[in-house]
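Written below as C-alpha cells is the structure these notes are about.
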Amino acid sequence: MSSRLKPTVFQKQPVCPSSEMLLAYGKATLSGPAHGKIKTHLASCDFCHAEVSLLLSHPPMPGQHTPPSLPFALRLLALRLLPVPPAATSAEGQRAA
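Numbers 349 to 445, taken from this note's numbering, label the letters of the sequence shown in order.
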C-alpha cells in the first residue's frame with residue numbers, strides 16, 4: 349500500500365501545482381524552493397504524482413499548438429461554479445478576464 353495520503357476525490361485540488369510546474373519538476377528544470385515545495389507535495393498527492401508520470405511519458409509533439417478555445421457557455425458555467433483564487437480578482441474585487 350502506498351504511503352501517500354489518499355484524497356477523498358482523485359482530482360487536482362486548489363493547493364496542487366500547475367501542470368507546467370509539475371512538468372518542469374519532472375524535467376528537473378526547477379531549483380531551490382519551488383523544487384522542494386513540489387517534491388513535498390508529490391509525497392502526499394497521488395493525483396499530481398500520476399500527472400507528472402503522464403506528462404513525462406507523453407511529450408508534446410513538435411511545433412506550435414494552439415489549444416482550442418473554451419465554448420462561451422462552458423466558460424460562464426465554470427466561472428459560476430469554480431471558486432476564484434485570490435490572485436484572480438482585481439483590486440476592485442472583480443474577476444480577472
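Don't be surprised by glycine CBs; every beta carbon is placed ideally from N, CA and C.
Item to complete: Would you decide whether E319 is buried or exposed? Buried here means 16 or more other CB atoms lie within 10 Å of its CB.
Response: This structure cannot settle anything about residue 319, because the visible part of the chain is limited to 349 through 445.
Worksheet item: Counting pairs of beta carbons, one from the region 390-399 and one from the region 355-365, are three or more of them closer than 8 Å?
Response: yes
Discussion item. Buried or exposed for A445, going by 16 or more other Cβ atoms inside 10 Å?
Written reply: Start at 1 with the first residue of the sequence shown, and residue 445 comes out as number 97. Any reading at A445 must be qualified, since the residue scores a pLDDT of 48, below 50, and its modelled position is unreliable; the value itself is stated next. Its Cβ having fewer than 16 others within 10 Å, A445 is exposed.
Practice prompt. Using alpha carbons as the reference points, say which of V363, A372 and R428 lies closest to F420.
Written response: As a first step, residue 420 must be located in the sequence shown, where it is residue number 72. Answer by Cα proximity: R428.
Item to complete: Answer with buried or exposed for M349, where buried requires no fewer than 16 other C-beta atoms within 10 angstroms of its C-beta.
Response: Numbered from its first residue, the sequence shown carries residue 349 at position 1. Bear in mind that a pLDDT of 47 at M349, under 50, signals an unreliable position, so the model cannot answer this.
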